[in-house]
Structure formats: C-alpha cells, structure tokens
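Undergrad: Below you'll find the structure I mean.
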Amino acid sequence: MVIRKEEGRFVMQGVCDVEDAEPLMQALLSHDDVVLDLGPCRHLHCALVQIIVRGKVRLLPPEDEWMRRFVFAQLESSRAGTLSGASSSTQAPR
Amino acid sequence: MDPLLAEFVAETRDQLLAIADGLEILRGDPANLAEMERVFRSVHTIKGSAAVFAFAPIQAIAHEAESLLGEAREHRRALPPDAAGVLFDAFDAVALWVESLQSAQLPPSAEREAPALVARVAALGGHAPQGPEAGRDEAALLAEMRRVPAPIRESLAAAGGSYAYVCYRPDPGCFFAGEDPLYTARQMPGLEALHLETVPVAQGEADPYRCDTVLHAFCRARLSDFETLLRPLGGQAHALTVAANALLSAPGPAPDPVRDAARGLIARQLELLVSNDGERRAAVLPSVRAVLGNVARALGPEAGLQGIAELDAALLVGRLETWLEGAEPAPLTAPVEAPAVAAQEEDLRVPPALAERVMSAATELAISRTTLSSLTQRLAAIKPGPIANEFAALQQQLDHQIRELQAGLQELRLLPLDEVFRRLPLQLRQLERQLGKPAMLSVSGENLRADKAVCALLHEPLLHLLRNALDHGIESPAERAAAGKPSVAHIAVEARREHDRLLICVDDDGRGIDPARMRERARERGLRDEATLSAMDDAALVQLVFESGFTTADAVSEISGRGVGMDIVRDRLRAAGGSVHLESAVGKGTQVTLSLPVAVAVAQVLLVEVGGQRLGLPLSRVHEILRPREEDVLHVKRSESLQWRERIVPLVRLAQVLSLPVSEARPTACVVLNLPQGPLALGVDEVGENLDVMIKPLSGVLTELSCYEGSALLGDGSVLLVINPLGIV
Chain A
430 MVIRKEEGRF
440 VMQGVCDVED
450 AEPLMQALLS
460 HDDVVLDLGP
470 CRHLHCALVQ
480 IIVRGKVRLL
490 PPEDEWMRRF
500 VFAQLESSRA
510 GTLSGASSST
520 QAPR
Chain B
155 MDPLLAEFVA
165 ETRDQLLAIA
175 DGLEILRGDP
185 ANLAEMERVF
195 RSVHTIKGSA
205 AVFAFAPIQA
215 IAHEAESLLG
225 EAREHRRALP
235 PDAAGVLFDA
245 FDAVALWVES
255 LQSAQLPPSA
265 EREAPALVAR
275 VAALGGHAPQ
285 GPEAGRDEAA
295 LLAEMRRVPA
305 PIRESLAAAG
315 GSYAYVCYRP
325 DPGCFFAGED
335 PLYTARQMPG
345 LEALHLETVP
355 VAQGEADPYR
365 CDTVLHAFCR
375 ARLSDFETLL
385 RPLGGQAHAL
395 TVAANALLSA
405 PGPAPDPVRD
415 AARGLIARQL
425 ELLVSNDGER
435 RAAVLPSVRA
445 VLGNVARALG
455 PEAGLQGIAE
465 LDAALLVGRL
475 ETWLEGAEPA
485 PLTAPVEAPA
495 VAAQEEDLRV
505 PPALAERVMS
515 AATELAISRT
525 TLSSLTQRLA
535 AIKPGPIANE
545 FAALQQQLDH
555 QIRELQAGLQ
565 ELRLLPLDEV
575 FRRLPLQLRQ
585 LERQLGKPAM
595 LSVSGENLRA
605 DKAVCALLHE
615 PLLHLLRNAL
625 DHGIESPAER
635 AAAGKPSVAH
645 IAVEARREHD
655 RLLICVDDDG
665 RGIDPARMRE
675 RARERGLRDE
685 ATLSAMDDAA
695 LVQLVFESGF
705 TTADAVSEIS
715 GRGVGMDIVR
725 DRLRAAGGSV
735 HLESAVGKGT
745 QVTLSLPVAV
755 AVAQVLLVEV
765 GGQRLGLPLS
775 RVHEILRPRE
785 EDVLHVKRSE
795 SLQWRERIVP
805 LVRLAQVLSL
815 PVSEARPTAC
825 VVLNLPQGPL
835 ALGVDEVGEN
845 LDVMIKPLSG
855 VLTELSCYEG
865 SALLGDGSVL
875 LVINPLGIV
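Right under this line is the structure:
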C-alpha cells in the first residue's frame, strides 16, 4: 500500500502497483474534492490510471519525468475535459 | 554490475529456484494445479524482467513455457509427461546464462541454444514456436491510429521524419496475469507521445481490475527495436512505421472550429508584428497581446500558448511562427528520453566496499580499545584512585559499545546459506544428465547465515563434493539395482551451526571408499611407506583422498577431472580457518563434513600462557576457567583427568600439544573447553584477559599445524597465535 493520507490529500508514493487499485478507488469514492499528490510517485499501474481518469480529483504533478510527460499531462487534460482521447468521447471497440 | 541488472540476477535466481521446485513436483505429478500455477507465475515474472533488458532468448523460452503452462492450468491441454524434463533443460540453460551475466549482455551461447530449446518447449504444446506476430492489416492499424486526438498527431507530424506507431490493446484480464501495460509503455524505446484511451465508465460501476485502456504510442525507433518487447504480448500489440505526413493525412475526427478560428487570428497577429517595426510595432503590440491572451484562454493549456501575451515582440514572432507550423510549443526544458523505470529500492542496500570499509574501521577501533585497555590497567597500577576508576568505568562502557557495533556489523555481512545451496540442484541436474545417474538432492539448514566471505568460499568446494559424490560415489543404476539399492541415488547437503562453527555435511548413499583399495593406491603412488600404510586404520586410510593428486575413481572422467578436487577442497577450507573431515562405509556411502568459522572478522580470544609463550584460545569454546587443587587432578596410567563439577573430564596439557616441556606439577590453571566430543580441560601456566582480535588464517608451512586456528596482531604489535581447540585432540 503506497497511498497515504496527509493533510487533506492522498499521496501516491514510489511504484504504485495494482494492489493499490482498491484502496484508491475507495478513497476517491468516499471523499469529495480529493487532492491526489503524485509528487513522489515513480510509476502508476495502468489500473490506477484508469481509476484516476474516471474520478473527480485534483492532481499534483509527479516529480518523475516520464510520469509527468506521458501520464500526468493526459490525466490533467482528461480531468479538464479538454482532451477527448483520454476518456470520454471514444468507445473502445473490442 | 549495474544495480538494476544485479536486481534482475537476484530475482531471476529466486524465480528459477521456484520453477525448479515446482517442476520437481510436476515431474511426479503432472496434473498438480497448484504447482503449475506456481511455475507459471515464476515463468511469467522472468519473462517480464527479461523484457526490461531485452534478453530475447530468455523471453522466448519463458513465452513458450508460459503458453504451455497456461493451457495446462486452464485445462485446455494436459501437461505432457515429459514436460518437466524439457522445461528443466530450458530453464537450466536460462540459469546458466543468468549466472554468467556480467553486463546487460547474455553469453553468445544463449542465442545459439535458445531456438532449439524454444522449439522443444513449443513442441510440448503441439505447435511451432510463435515468432513475432505477423504484421496485422496495415489499414486496420492506421484506423486505430486515427483514434489518437488530432492535436497529438499534428504536433508529431510537425516534427517530421517517421515514427514507430504501437497500438497495444491489452487483454482485459491482463492485470491478473501480473501485467502492467503502462510499465510496458515505459520500456518503449524513443517514446515521443503516448495516448491512453480509456473506456468511459462511471467510477462506481467500473471493475478496477479489468483493463479498459488502449495504449497508442509513437516512438522514434525502428520496428525491430520493438520485437523483444512486443513478442511476449502476442496479439495484444501491433506496430507499424508511419511517416510524419501520414499522421495527418489519415482522416481524423471532425475539424475543430475553435482551433481553426484561432489559427486565423494568430496568423493575422503575426502578420501585424512582422509587417511593422520600431514604433509602429510598439503601437500594435498591446492589441496583439490582448488578442493572443484571449486565443490562449479559448484554446486551453494544451494549445501551449500560456504566457504568450507576456513575451517580448521578437520572441513572440518566433513562437507564433512555430505554433502555426503545427508544432506544439517548444518544451521549457530540453526533451528528455523516457527514463527507465527506477528499480524499487525499499530495502537499504549497502555496497560491499562500503560495508568492508566500515568493518575494517570497526576492527581498528577494537584494536585501539585493546591498547587503551592496557593503558588503563597501567594507570590503575601506577596511580590508583578516582581517575583510574573513571577510566576503568569508561573502558567498560566502551567495550560494550564496541561489541554492539561489531555484532551489528557482522550481521550485515551474514548471508543465508541459501545463496550457496540454491545453485546445487541445477548443478546436480547437469551432472545427472552427463553421467546418466539419477539422483535426488535434499538440502537442509539453508536458512542459516554465514559470513559473506564464508558463503563465497563454500561454493567451489561444495560443487567439487557434489561432482565427486555423483561421479565416483554413486554407482551406475545397474550396480545399484544389483546391490538392492533404490535406483535414484540420494545426496543430502546439510548445514548446521555448532557455536561459532558452521558445519556442512555432504552425504551420499553410494559405494563408499574402500580402505583396502586406498592402501593399495597409496602404495602404488608411494604416498606413505609400507610400515605407515600397514599401521593406518580404515578411518585414516580414507582421509588419503585429500592428498594432492589422489583419486579413487576407476576412470578419470571429465566431470571430476584428473585427481584434483579433494585436495582443493581441503586447501580452500584451511585457508579460511576451516577443516574437512571424511567418513565412509563401504557399500553404504560417504560423508564429507566441512567446518568453517561462521564469521571471519573479529573473534574474542582468551589469553593464556604456557612455557613463557602467550597464546589465544577462542572464547566461544571456553566453558570455565579454574585453578585445580591437588586432589582435582587424577592420574590414570600416563594420562591425566580433571575432576570437574562431579564429572571426570580428560586433561590435556597445552605444553604437550605444542611440544614444549611439560612440568611434573599440576597445572596452575585449567580452561574447560566445550568440544563436540564433550568437555576437555586444557592445562596452562597462566590465564590472562579477553581480547578482541581479527584472526587471520596461517600461511605457508604453519597451515599444516592443525592445532592453530590462525594468528592475530595485537595492539602492541606482537603476533598472537590462536589455538584451534578442535585440533588439539
């Protein structure tokens, strides 16, 4: 478990793996205006990214360069609803 | 070694061990689901970690093994009876490659051997090896690419050149298989853009463990660079090379009217700036800035126009030109290569060199303490009083603290023996194959910890013993059958600790060593004269295997070599203050016991004096020190005994052991030693203080003297010989 609550925000730390999916989802479902601090997060499992995309959260950027460039930017835009691809408008065919 | 690679080696060793354990069970019980699951998980982990280093041969083997085990555990295909054997061969090869890793490069043999192994594993599953996925329909892949939002494609197109486009549509259940598609994305070479397309589902209704994300990646790399990364993903990922202009020519989503209007406005502002200079430009600037500010707000942060209104005119021109050319704003920092994911380093790992440095500083500290201790004693003798007392108290405190420090540091150096033992099953299987003698290995005591140096030293002797056991000790299956023995031989490796010694027994149920034949061989080789040989008992004769150049094998095989082996084992152990002992029973087997100090660093010794010489006795063996009364010493024929705690224990004069003159009178002091055979009283002239010393193994001719454990340098610069209590009886 690498999610910890700290001064009104949830901090994701280190390499966040799939085991954190359940606690993260619970955290987002049971709190309003969640602030998720990705600062110390070195990697987010894909399962966690899905949860964040679907949640109403305010994000603080990760220090990890790769995370910031390839994940955070898109999470931010999907939250703001300005970038269609990350979430809403497309229906993934199977 | 690169720390990430070291991590890979350590982790893969663990997984290979688990695979071997599981396969051993599956060999006898091919339908055991729990073991199948265990092996599957380990294989999967290896596949994943091998991908990090692009170790294609390992990935290919793991991939095939995973498919085979996957089908079996889902009851789609039973595991063939020979599966365990084939998988053993394949993963033993992987183990050898991994053990030989010095850099992130597998040995050349890996490339050579892998195809045959992959084919054998694939054949178990009834198919040809699944090579890299054949290219999927290009049009379908281009259609996938068009799902990526236009701004992303535009910005990539603007940079020109070509990209490798990867569409990775992970299996919905992939999280359960331990996959993290985002981690895979991290491994992609030259990643320029990544788009995550997630199926919209309300948070509360989504299954957090179902993968609903499609990954679109654009990389500055060749398709061949992806082969190793994507092969394990099978049909989940497809790659295609696209030229920059093809990114845009693909019909994207409906044109964005706001963006088009913004383009027009920005082009107009640029024209205003370029066509005016000096005062006129200064005059239009406020209105240009106002318009740009509005455009930036309308487009949002993704347009990359934030802060544009604050730029000075010259910079503004360049920036607007770039923007209109389709490029997103130049990043504030230089573009960076996607960094590899950092290894999870939650444990504190200490580099061995640093641990060594701290250890040796602590040893020096202990030696200084010894010097200080003698000063304190001198002070107390010359000027007894409060100051001397304070010194003594401080000295005691320091003693305690230094001991704590040393204990902690020694712990740091201790490794579980598992580090050594885990390689044995692999070696045994190789020997089994080479020699055609089936054998089973049982290992116990692998959780015991020993000094890092001891572990490092044990590996080779143990390997020699294992080879010797299987090559010379264990009979051929036919011979075993004739002798009424089980066809599968048994070799047991057991570690146990006795005080500060580590004992490792290698026990086989083979033919044993025939003392009569040993005598004959020794005679032929002139190792001893006839009289000595005749006088030697069986136990002594079998010890001759430790003589240099001696072998009892009928034929010198490639396995055990030409008569080298046991003498190497003996020499290696002696050099580290250890010893080796062999017992054998004809027809029943041989047991070789290695004895080593658990820690080679600092030991406590008790100073004793005999014949005017100062010597050290390892304190760990000292049970009690006493001054015997006349009636405590009993004489039976020529030997002496000591009455101690209502027992009679043998009394040995240290002077006699060391060939010094022995006084007729009873010894002034006796040190009762704790030995495996029972207590033994050692008669000495005087007993002194306890010292912390670093015992170094003896070198040269002195190594032949079993009564010495080693030597230690004392604080006053003199050399102290330390007695090996086990060598005096």
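Chains A and B, in that order, are what the protein sequence lines are. Under this note's numbering, the first residue of the first sequence is numbered 430, with each subsequent residue one higher. Under this note's numbering, the first residue of the second sequence is numbered 155, with each subsequent residue one higher. The C-beta atom is built at its ideal place from N, Cα and C for all residues, glycine as well.
Along the stretch 446-460 of chain A, where does the CB come closer than 9 Å to a CB of chain B? Name the residues.
TA: Residues D446, V447, A450, E451, L453, M454, L457, L458.
Undergrad: Please report how far the alpha carbon of B:N844 lies from the alpha carbon of B:R673, in whole angstroms.
TA: Their backbone Cα atoms lie some 46 Å apart in a straight line.
Undergrad: Distance cutoff 8 Å, beta carbons only. Does B:G358 sit that close to anything in chain A?
TA: At least one chain A Cβ lies under 8 Å of B:G358.
Undergrad: Helix, strand or coil, according to DSSP, for B:N828 in the structure here?
TA: Looking at B:N828 - three-state DSSP - the assignment turns out to be strand.
Undergrad: Express the C-alpha separation of B:P343 and B:A210 in angstroms, rounding to a whole number.
TA: Cα to Cα, the separation comes out at about 15 Å.
Undergrad: Assign B:T338 to buried or exposed, taking buried as 16 or more other Cβ atoms, counted over all protein chains shown, within 10 Å of its Cβ.
TA: Counting Cβ neighbours within 10 Å, B:T338 comes out buried, since at least 16 surround it.
Undergrad: Using the Cα positions of B:T382 and B:A205, report the straight-line distance between them to the nearest angstrom.
TA: When rounded, the distance between both Cα atoms is 7 Å.
Undergrad: At the 8 Å Cβ level, is A:L489 part of the contact set with chain B, yes or no?
TA: No, A:L489 lies away from the interface with chain B (no Cβ there is under 8 Å from its Cβ).
Undergrad: How do the stretch 158-178 of chain B and the stretch 496-510 of chain A stand: do at least 3 beta-carbon pairs fall below 8 Å, yes or no?
TA: In short, these stretches do not touch, since the Cβ pair count stays below three.
Undergrad: Please confirm if A:G484 has its CB atom under 8 Å from at least one CB of chain B.
TA: So yes, A:G484 belongs to the interface.
Undergrad: Who are the neighbours of A:I432 on chain B, taking C-beta pairs under 7 Å?
TA: Residues of chain B passing the Cβ test: none, with the nearest at roughly 13 Å.
Undergrad: List the residues of chain B whose Cβ lies closer than 9 Å to the Cβ of A:V478, in chain order.
TA: Residues of chain B passing the Cβ test: L336, L350, T352, T367.
Undergrad: Should A:L465 be flagged as near chain B, meaning a C-beta pair shorter than 8 Å?
TA: Not closer than 8 Å to any Cβ of chain B, the Cβ of A:L465 fails to qualify, so no.
Undergrad: Can you tell which of B:P234, B:A509, B:M190, B:V275 has its C-alpha closest to the C-alpha of B:I212?
TA: Minimum Cα distance to B:I212 is reached at B:V275.
Undergrad: Below 8 Å between beta carbons: does that hold for B:L875 and B:L829?
TA: Not closer than 8 Å, so no.
Undergrad: Between which two residues does the alpha helix (DSSP H) containing B:G447 stretch?
TA: Where B:G447 is concerned, the enclosing alpha helix (DSSP H) stretches over 432-453.
Undergrad: Pick out the complete alpha helix (DSSP H) segments inside the stretch 540-614 of chain B, 4 residues or longer, and give them in chain order.
TA: Counting only runs of 4 or more, we get 540-567, 572-575, 578-589.
Undergrad: With 8 Å set as the bound, which would you pick, yes or no: does the beta-carbon of A:L499 sit closer than that to a beta-carbon of chain B?
TA: The question names Leu, but residue 499 of chain A is Phe in the sequence shown. It does: the Cβ of A:F499 has a partner Cβ on chain B nearer than 8 Å.
Undergrad: Given that a residue counts as buried once 16 or more other Cβ atoms are within 10 Å of its Cβ, and exposed if not, what is B:G590?
TA: Exposed is the call here.
Undergrad: Which residue from B:V512, B:L548, B:A515 puts its Cα closest to that of B:L529?
TA: It is B:L548.
Undergrad: Since I believe B:R167 is in contact with B:V272 (beta carbons under 8 Å), could you give me their beta-carbon distance rounded to a whole number of angstroms?
TA: Not a contact, Cβ separation roughly 22 Å.
Undergrad: In angstroms, rounded to a whole number, what distance separates the CA positions of B:A437 and B:L419?
TA: Straight-line Cα distance between these residues: approximately 18 Å.
Undergrad: Just to confirm, is the Cβ distance from B:P782 to B:R726 under 8 Å?
TA: It is not a contact, given that the beta carbons lie outside the stated cut-off.
Undergrad: To the nearest angstrom, how far is the alpha carbon of B:N186 from that of B:I179?
TA: Roughly 8 Å separates the two Cα atoms.
Undergrad: Rounded to a whole number of angstroms, what is the C-alpha to C-alpha distance between B:Q831 and B:P804?
TA: About 11 Å.
Undergrad: What are the boundary residues of the beta strand (DSSP E) that A:V486 is part of?
TA: First-last of the beta strand (DSSP E) with A:V486: 486-489.
Undergrad: Starting from the beta carbon of B:Y363, find every residue of chain A whose beta carbon is closer than 9 Å, and list them in chain order.
TA: Under the 9 Å cutoff, chain A gives V447, A450, E451, A476.
Undergrad: Using a C-beta to C-beta distance shorter than 8 Å, which residues of chain B count as neighbours of A:Q442?
TA: Within 8 Å Cβ-Cβ: nothing; A:Q442 doesn't reach chain B, min ~10 Å.
Undergrad: For the alpha helix (DSSP H) that contains A:Q455, what are its first and last residues?
TA: From DSSP, the alpha helix (DSSP H) with A:Q455 extends over 450-459.
Undergrad: Keeping to the same chain, check which residues put their C-beta closer than 8 Å to that of B:H653; ignore five residues upstream and five downstream.
TA: The residues are S774, R775, N828.
Undergrad: According to DSSP, is B:N878 part of a helix, a strand, or is it coil?
TA: Of the three classes helix, strand and coil, the one that applies to B:N878 here is coil, per DSSP.
Undergrad: Compare the C-alpha of B:E778 against each of B:L796, B:G766, B:R300, B:R792 and name the closest.
TA: Among B:L796, B:G766, B:R300, B:R792, the Cα nearest to that of B:E778 is on B:L796.
Undergrad: When DSSP builds the beta bridges, which residues end up paired with B:S793?
TA: Answer by DSSP bridge pairing, in chain order: B:V790.
Undergrad: Using the Cα positions of A:E505 and B:L459, report the straight-line distance between them to the nearest angstrom.
TA: Whole-angstrom Cα-Cα distance: 17 Å.
Undergrad: Once you ignore the five residues that flank B:L612 on each side, which residues in its own chain have a CB closer than 6 Å to its CB?
TA: Around B:L612: V574.
Undergrad: Compare the beta carbon distance of A:H474 and A:V440 with 8 Å and say whether it is the shorter of the two.
TA: Not closer than 8 Å, so no.
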